[in-house]
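K.L.:
The structure is given below, and queries will be raised subsequently.
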Amino acid sequence: MIKPVNSVEYNRFGYEWGKYNRIIPIYEKQFLGWVHPFKPSDFKGKRVLDAGCGTGRNTYWPLSYEAKEVVAFDVDPRTVAVAQKNLSDYSNASVVQSSIYDIKYVNEFDVVFSIGVIHHLERPKEAVAKLVRATKPGGTTLVWVYGKEGYTLLKFFINGVRRLTSKFLIRILDICVKPWSFLFYLYLKAWKHKHPYLKLLSQASYWHIHSILFDQLLPETANYWTRAETLDLFDGLSVSDVRINFCNKGSWTVWATKED
Ligand SMILES: C[S@@+](CC[C@H](N)C(=O)[O-])C[C@H]1O[C@@H](n2cnc3c(N)ncnc32)[C@H](O)[C@@H]1O
């Protein structure tokens with residue numbers, strides 16, 4: 304059994320993904336938003352690594368775009384079991400239990416991505432260095448993280464509330480968040496939203512909205528980084544052409560090419 308780096312987070316995300324575990328069509332739009340400007344054709348025939356895969360809801364799409372092979376891993380064993388089940392139709396997919404800090408791969412994958420993981424870690428730069436190490440020379444390492452810019456008041460509020468809710472028993476938190484999720488769901492459905500993220504969420508089901516709110520309020524560690532702080536994740540690594548995209552006007556996707 305792998306020793307979790309932070310046992311609180313490890314158990315809390317495991318509960319979330321054990322319960323909110325279905326892969327639904329809207330996740331494809333969400334995934335393509337997070338990896339923008341990468342397109343489905345960019346994954347075709349590629350070897351891909353998904354670091355901190357959760358339920359496999361991002362791993363799934365490169366497989367459907369005919370990636371050659373996709374390896375996914377997560378530190379939490381319950382989560383790994385969920386992802387294995389969700390990806391079981393693909394013989395070219397494998398899901399293993401590992402911590403990002405322990406990745407052994409060197410120069411293996413054409414595309415290595417980690418979505419929504421690095422900002423929860425205590426040693427994010429060390430984790431990104433491991434991702435780059437696993438990437439083939441000429442391949443791409445991509446990371447999506449929470450941004451400090453955009454919806455600043457809302458983030459300030461959520462951060463304050465999280466200080467309290469991250470201490471709640473996870474089952475109690477799940478129940479407590481439900482009425483708020485319902486109100487948010489009504490708000491999303493009641494208006495035509497122009498903001499890209501709200502527009503996407505207005506197509507979501509109640510349980511999806513609830514899983515997002517719950518996900519925001521459960522972790523002990525959740526960093527919101529500025530553009531400069533996000534770019535700094537790749538500083539000093541053997542990469543070139545570091546690029547960044549302000550995703551849905553509230554988060555950052557940063558990617559780079561591994562140097563030869
Ligand atoms: C917010 S979830 C994101 C999951 C998935 N990438 C997604 O977008 O659906 C964060 C995930 O990171 C995993 N995680 C946390 N620490 C990790 C570590 N040190 N190594 C690998 N995975 C880790 C958690 O178990 C959890 O599944």
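Taking the working numbering, the leading residue of the sequence shown gets 304, the next gets one more, and so forth.
We put the beta carbon where it would ideally sit given N, CA and C, even for glycine.
What you are looking at is a predicted structure, and each value in this text was computed from that prediction instead of being measured.
Check for me: the alpha helix (DSSP H) holding Lys470 runs from which residue to which?
P.N.:
Unbroken run through Lys470: none, as it is neither H nor E.
K.L.:
Can you name, in chain order, every residue of its own chain whose Cβ lies under 7 Å from the Cβ of Asp477, other than the five neighbours on each side?
P.N.:
So the qualifying residues of the chain are Phe517.
K.L.:
Taking DSSP's pairing of strands, which residues face Thr253 in a bridge?
P.N.:
Because the chain here runs from 304 to 563, residue 253 falls outside it and cannot be looked at.
K.L.:
When the distance is taken between beta carbons, is Asn395 closer than 8 Å to Val420?
P.N.:
Contact: no.
K.L.:
Beta-carbon separation of Thr358 and Val385 under 8 Å?
P.N.:
Yes, Cβ-Cβ distance for Thr358 and Val385 is below 8 Å.
K.L.:
If you reduce the DSSP assignment to three classes, tell me which class Asn548 lands in.
P.N.:
If DSSP states are grouped into helix, strand and coil, Asn548 belongs with the strands.
K.L.:
Terminal residues of the continuous beta strand (DSSP E) containing Glu372?
P.N.:
Segment Glu372 to Asp377, the beta strand (DSSP E) holding Glu372.
K.L.:
Identify which residue in Gly317, Ser543, Arg530 and Glu523 has its Cα closest to the Cα of His423.
P.N.:
Per the Cα distances, Glu523.
K.L.:
Looking only at its own chain, which residues have a Cβ that is under 6 Å from the Cβ of Gly461, when we skip the five neighbours before and after it?
P.N.:
Note on identity: in this sequence residue 461 is Ile, with Gly being the wrong assignment. The residues are Gln519.
K.L.:
Inspect the CB distances between the segment 447-454 and the segment 394-410 and report whether three or more fall short of 8 Å.
P.N.:
Because the criterion of three Cβ pairs below 8 Å is not met, the segment 447-454 and the segment 394-410 do not touch.
K.L.:
Spatial neighbours of Lys322 within its chain, please: CB distance less than 7 Å, with the 5 preceding and 5 following residues excluded, ordered by chain position.
P.N.:
Excluding residues within five positions, none has a Cβ falling inside 7 Å.
K.L.:
Is the segment 464-482 close to the segment 534-552, with three or more CB pairs under 8 Å?
P.N.:
Contact fails: fewer than three Cβ-Cβ distances are below 8 Å.
K.L.:
Is the Cβ-Cβ distance between Leu352 and Val435 less than 8 Å?
P.N.:
Not in contact: Leu352 and Val435 (Cβ atoms no closer than 8 Å).
K.L.:
Just checking my contact of Ser417 with Ala493 at CB under 8 Å: how many whole Å lie between their CB atoms?
P.N.:
Not confirmed; about 35 Å, so no contact.
K.L.:
Start and end of the beta strand (DSSP E) containing Arg350?
P.N.:
That run of the beta strand (DSSP E) goes Arg350 to Ala354.
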